[in-house]
Amino acid sequence: MLFGRKHKNPIKIADKGVVEWKYTTCGYCSTGCSIEVGLNKTGDAVASRGVGSAPVNQGKLCLKGIFEHELFKSAGRGSAPLLRDKRHDPFKAVSWDQSLDKVASEIKRIQDKYGPDSFAIVSTGQIMTEEFYTLGKLSRGVIGTNNYDGNTTLCMSSAVSGYKRSFGSDGPPGCYDDFDDTECLLAIGSNLPEQHPIIYWRLQQAMEKRKFPLIVVDPRVTMLAQQADIHLPITPGTDLVLLNSLAHVILDEGLEDKAFIDSRTSDYESFARLVEQYDPITSSRICGIDEDTIRNVARTYARAGAAMTIWTMGINQSTHGSDGVVGINNLNLITGNIGKPGGTSLSITGQCNAMGTREWSSCSGLPGYRALENEQDRKDIANYWGIDEEFFPKKRGLFQTDIFPAIETGQVKGLWLIATNPMTSMTNTPRIRKNLEALEFLVVQDAYADVETNEYSHAYLPAAVWAEKEGCFTNTERRVNLIRNVIAPHADSKPDLWIFNQMAKRFDQGKKIKFPETAEGVFQELRELSKGRMLDYSGMSYEKIEAQGGIQWPCTEGDETGSPRLYTDGKFQHADGKAKLIPLPFVDNNERPDEDYPFWLNSGRVVEHFHTRTRTGKIGNLNKFSPTPYMEMNPDAASELGIEHGSYARLTSRRGDAVVMVQLTQRVPPNMVFVPFHYHDCVNRLTLGLLDPHSRQPAFKQCGVHIEPAADQKAASVRNKAARTY
Ligand code: SF4
Numbered sequence: 000m001l002f003g004r005k006h007k008n009p010i011k012i013a014d015k016g017v018v019e020w021k022y023t024t025c026g027y028c029s030t031g032c033s034i035e036v037g038l039n040k041t042g043d044a045v046a047s048r049g050v051g052s053a054p055v056n057q058g059k060l061c062l063k064g065i066f067e068h069e070l071f072k073s074a075g076r077g078s079a080p081l082l083r084d085k086r087h088d089p090f091k092a093v094s095w096d097q098s099l100d101k102v103a104s105e106i107k108r109i110q111d112k113y114g115p116d117s118f119a120i121v122s123t124g125q126i127m128t129e130e131f132y133t134l135g136k137l138s139r140g141v142i143g144t145n146n147y148d149g150n151t152t153l154c155m156s157s158a159v160s161g162y163k164r165s166f167g168s169d170g171p172p173g174c175y176d177d178f179d180d181t182e183c184l185l186a187i188g189s190n191l192p193e194q195h196p197i198i199y200w201r202l203q204q205a206m207e208k209r210k211f212p213l214i215v216v217d218p219r220v221t222m223l224a225q226q227a228d229i230h231l232p233i234t235p236g237t238d239l240v241l242l243n244s245l246a247h248v249i250l251d252e253g254l255e256d257k258a259f260i261d262s263r264t265s266d267y268e269s270f271a272r273l274v275e276q277y278d279p280i281t282s283s284r285i286c287g288i289d290e291d292t293i294r295n296v297a298r299t300y301a302r303a304g305a306a307m308t309i310w311t312m313g314i315n316q317s318t319h320g321s322d323g324v325v326g327i328n329n330l331n332l333i334t335g336n337i338g339k340p341g342g343t344s345l346s347i348t349g350q351c352n353a354m355g356t357r358e359w360s361s362c363s364g365l366p367g368y369r370a371l372e373n374e375q376d377r378k379d380i381a382n383y384w385g386i387d388e389e390f391f392p393k394k395r396g397l398f399q400t401d402i403f404p405a406i407e408t409g410q411v412k413g414l415w416l417i418a419t420n421p422m423t424s425m426t427n428t429p430r431i432r433k434n435l436e437a438l439e440f441l442v443v444q445d446a447y448a449d450v451e452t453n454e455y456s457h458a459y460l461p462a463a464v465w466a467e468k469e470g471c472f473t474n475t476e477r478r479v480n481l482i483r484n485v486i487a488p489h490a491d492s493k494p495d496l497w498i499f500n501q502m503a504k505r506f507d508q509g510k511k512i513k514f515p516e517t518a519e520g521v522f523q524e525l526r527e528l529s530k531g532r533m534l535d536y537s538g539m540s541y542e543k544i545e546a547q548g549g550i551q552w553p554c555t556e557g558d559e560t561g562s563p564r565l566y567t568d569g570k571f572q573h574a575d576g577k578a579k580l581i582p583l584p585f586v587d588n589n590e591r592p593d594e595d596y597p598f599w600l601n602s603g604r605v606v607e608h609f610h611t612r613t614r615t616g617k618i619g620n621l622n623k624f625s626p627t628p629y630m631e632m633n634p635d636a637a638s639e640l641g642i643e644h645g646s647y648a649r650l651t652s653r654r655g656d657a658v659v660m661v662q663l664t665q666r667v668p669p670n671m672v673f674v675p676f677h678y679h680d681c682v683n684r685l686t687l688g689l690l691d692p693h694s695r696q697p698a699f700k701q702c703g704v705h706i707e708p709a710a711d712q713k714a715a716s717v718r719n720k721a722a723r724t725y
């Protein structure tokens, strides 16, 4: 195919020799794009393209999706199980039986010696829903540890917690089609063009057809902020003050939806009393947004026929992330913007199947949005799995962010990590290194043997990646989509489902419970366990899901398709059927810049990076854009410190230091710098990570740093070597 002018430098796209296209779903972000992977005549994956008929992406893919087929043969893949007696000794390749026997015997040894909860399991947001469910069955129903969680605590637990507090259940109530109906969109701490490019494309399409106000709250002038009608460059960590003040103006000026409040919410009085204190003048001094803008935004939002809020990590990764989510829900409840087209609180999730783990992994409870704290739920699942209900704990155990401190206190002695990389993703890297070194046994299960955390393991289990296996992901708008098995797993790597099933066979209780061998067999259990519940899958089948490019739950038995929105009948999941308006006093409890550490350190994702770069760092066409750790810095602040564009600078916080290349830009204000957070041994050497009291999610985005010029990047490698002896 030729593009460009006829006789001058035409661009020729090479014929990749595709003989077959196979349907699957992108395995990076939670947008949920349908992909076809092209295979050549020798069965190699050589191309990726979007599925034109897919409701989510309508044929489009972002940069990551376009090169996703290159994952199968990317560097660093694990080829065989590995074992060693002492960490840092060389690994020995062993058989699957040897490795699984060893892991099972270490789990039993540690549990026998220190108790069942002394062995912890931390998984991911990136394996299939069927694998999550099976891992939950193994962890809760066989191994019996209560210290079992997912790395989604680092990204989505504030959204989960906020939804539960407001509506009585997790589950994003809206969908992407809401862009087509909304009359005002408020985006808080969400840079869609870089983080979720195809959702952004959907938003752009809607705005091109029908102009409506776009209001962006972000301390940086992000790509989305550059297109906003109103940009609110808020002081980091003060979203709650802004949200309370918007509610103050709405109630003060009588702009609220009284009928909705009266019929569908509870606790209005105490909420109204609290927001009375957040007048725009007082609030503006805390959140840094002038009082007129607060009033203008409140009026614009409340007067829109339908208004919606989207958010991502800017809200969730905070010491009051859960309150921030509840604050957004409060705003939408008082304006009647839940359960109607264009009116919603839509958290944009991160990892491809963060939703699947929320629904089915049993990390925070039991499968299908059931709670350990609920006797009937414990009974139902115990009966279904065929075990004694007393085997289940009566409340959830530690979150991921509490499991690591529990290693320090000796409460946790062994750890199984599945597709997660805490040596890069967790705050305060030096402390995490110490934690991992204190474990009696660490097993890492990952598609990549060179993942940084594997340096500290005793056992490594090589997992198949993405479409080397089959199963479902749920996306941001509750759409369950299918990942068809495109090619066979690399070398001797195995699907996570197979690994969990084999592990179950090594425990007495595991021999009593049925573990279906195929993903579709597991899916049947999901259909049965969800029947009649909020997240009803019973009307779905693999064939229907593929034919429709994904189905949104609930989809009840006999339904042809799913449901785009929740709460359309005005009934919420709290016992009284109402949504709660919750008063949220603001407590400023985070680290702030001071004389010694005068800059805010902000962090986030850039479009070519994903999930600690375990995968994107291996794809040449992604890695080439920003292979070197860098920071965005305001030119005025840099010139005061004698720092130049393209030079190196050392950032120091109370936890550690990092050397980065400097990119001068007006995107950040003079008192703030921004560093992409997926580089290893970089931003998380600096972060403090105080935890949200409800969601236990860390405040990745707010801490104080000192900045000075660094001679060159060598300073970083010398420092890193020293740090390893920490
Ligand atoms: Fe994949 Fe997300 Fe890009 Fe879609 S937007 S192609 S789901 S990374």
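When the count follows my numbering, it moves up by one through the sequence shown with no breaks and lands on 725 for the last residue. All C-beta atoms in this analysis are idealised placements derived from N, C-alpha and C, irrespective of residue type, glycine included. Given the structure is predicted, the values throughout are model-derived calculations rather than measurements.
| Asked | Found |
| --- | --- |
| Residue closest to residue 427, alpha-carbon to alpha-carbon, out of 712, 649 and 702 | 702 |
| Helix, strand or coil at residue 719 [DSSP, three-state] | A caution first: residue 719 carries a pLDDT of 46, below 50, which makes its placement in the model too unreliable to give a value. |
| Per-residue burial, residue 577 [other beta carbons within 10 Å of its own, 16 or more giving buried] | buried |
| Residue interval of the alpha helix (DSSP H) (run including residue 355) | 353 to 359 |
| Closer than 7 Å to chain D by CB, residue 374 | Considering every chain present, this structure includes no chain D. It has just one protein chain. |
| Residue environment, residue 259, which counts as buried when at least 16 other CB atoms sit within 10 Å | buried |
| Euclidean distance between Cα positions of residue 709 and residue 647 | 5 Å |
| Backbone secondary structure at residue 533 - three-state DSSP | coil |
| heavy atom of the ligand SF4 below 6 Å from residue 232 C-beta | no |
| Proximity below 7 Å, CB of residue 726 to CB of residue 22 | Look at the range of the chain in this structure, 0 to 725, and you will see that residue 726 is not part of it. |
| Exposure of residue 19, with buried meaning 16 or more beta-carbon neighbours within 10 Å | exposed |
| Secondary structure of residue 185, DSSP reduced to three states | strand |
| Backbone secondary structure at residue 421 - three-state DSSP | helix |
| Rounded separation between residue 590 and residue 691 - CA only | 13 Å |
| Where residue 634 sits in the DSSP three-state scheme | helix |
| Residue 63 CB to nearest heavy atom of the ligand SF4 below 6 Å | yes |
| CB-CB length for residue 299 against residue 183, believed under 8 Å | 6 Å |
| Ranges of the beta strand (DSSP E) found wholly within the stretch 267 to 343, counting only runs of at least 3 | 306 to 310 |
| Exposure label - residue 408; buried when at least 16 CB within 10 Å | exposed |
| Classification of residue 567 by the beta-carbon crowding that lies within 10 angstroms, buried from 16 upward | exposed |
| Continuous beta strand (DSSP E) stretch holding residue 659: start and end | 656 to 663 |
| Residue 520 classed as buried or exposed, judged by whether at least 16 other C-beta atoms fall within 10 angstroms | exposed |
| Where residue 582 sits in the DSSP three-state scheme | coil |
| Contact check, residue 286 vs residue 237, beta carbons under 7 Å | yes |
| Opposing strand residues paired with residue 672 [DSSP bridges] | 600 and 632 |
| The stretch 134 to 141 / the stretch 93 to 113 touching (three or more Cβ pairs under 8 Å) | no |
| Local Cβ density within 10 Å of residue 711, reported as buried at 16 or more and exposed below that | exposed |
| Cut-off 6 Å between Cβ atoms - residues of its own chain near residue 54, not counting five sequence neighbours on either side | 548 |
| Alpha helix (DSSP H) segment containing residue 247, residue limits | 238 to 251 |
| Burial state of residue 225 (16 or more Cβ within 10 Å) | exposed |
| Those runs of the alpha helix (DSSP H) which lie wholly inside the stretch 362 to 413 and span at least 4 residues | 374 to 384 and 399 to 407 |
| Distance CB(residue 631)-CB(residue 673) smaller than 7 Å | yes |
| Start and end residues, beta strand (DSSP E) containing residue 478 | 478 to 482 |
| Buried/exposed call for residue 417, threshold 16 Cβ in 10 Å | buried |
| At least 3 beta-carbon pairs within less than 8 Å: the stretch 291 to 307 vs the stretch 661 to 679 | no |
| Three-state class that DSSP yields for residue 144 in the structure shown | coil |
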